[in-house]
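What follows is a single structure, written as structure tokens, with notes after it.
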Amino acid sequence: METTEMREAAGRGAKLLDAILPGWENRVDTATLCMWNNYTCVLGQCVGEYKKGLIRLGLPLDDAIAVEYGFYAGEEIRYGLAPYLELAWCWRDEIAARLQR
Numbered sequence: 008m009e010t011t012e013m014r015e016a017a018g019r020g021a022k023l024l025d026a027i028l029p030g031w032e033n034r035v036d037t038a039t040l041c042m043w044n045n046y047t048c049v050l051g052q053c054v055g056e057y058k059k060g061l062i063r064l065g066l067p068l069d070d071a072i073a074v075e076y077g078f079y080a081g082e083e084i085r086y087g088l089a090p091y092l093e094l095a096w097c098w099r100d101e102i103a104a105r106l107q108r
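Residues in the sequence shown are numbered from 8 upward in steps of one, following my numbering.
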């Protein structure tokens, strides 16, 4: 997934979080945000764990859907952590934009 696609996906996910978990951006510690960890990813920090977050948002436990909303990088392991690091920066931007409002 390209950076532009990741930004768009994180934007979709952020809008969904805005609608279902208002103030979610205040629950995420961007210093510890780690998108490859089920507990320190955006959903993990908002509701306690990645899968619980998908369920709370009414999303199926489906990797392709999670990718569409920027909750999962969806890249093969051969790419290492780079896609997850990039996705975390996209989320940091979404959070910063909300905190500046």
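Note that the Cβ used here is the ideal one computed from N, Cα and C, for glycine as well. In this text the structure is predicted, and so the values were computed from the model without any measurement.
Pair within 8 Å by beta-carbon distance, residue i and residue j
i     : j     : result
Asp70 : Gly81 : yes
Gly20 : Gly65 : no
Cys97 : Arg14 : yes
Residue from the options with nearest C-alpha to residue i
i     : options                         : result
Leu40 : Ile62, Leu106, Leu94 and Arg105 : Leu94
Lys22 : Glu75, Leu88, Ala89 and Pro67   : Glu75
Met42 : Arg99, Tyr91 and Gly55          : Tyr91
Asp36 : Glu9, Gly18, Gly55 and Thr10    : Gly55
Ala26 : Glu12, Gly51, Arg63 and Glu9    : Arg63
Between the CA atoms of residue j and residue i - distance to the nearest angstrom
i      : j      : result
Ala103 : Pro29  : 15 Å
Arg105 : Tyr79  : 21 Å
Gly7   : Asp100 : The question about residue 7 has no answer here: the residues shown for the chain are numbered 8 through 108.
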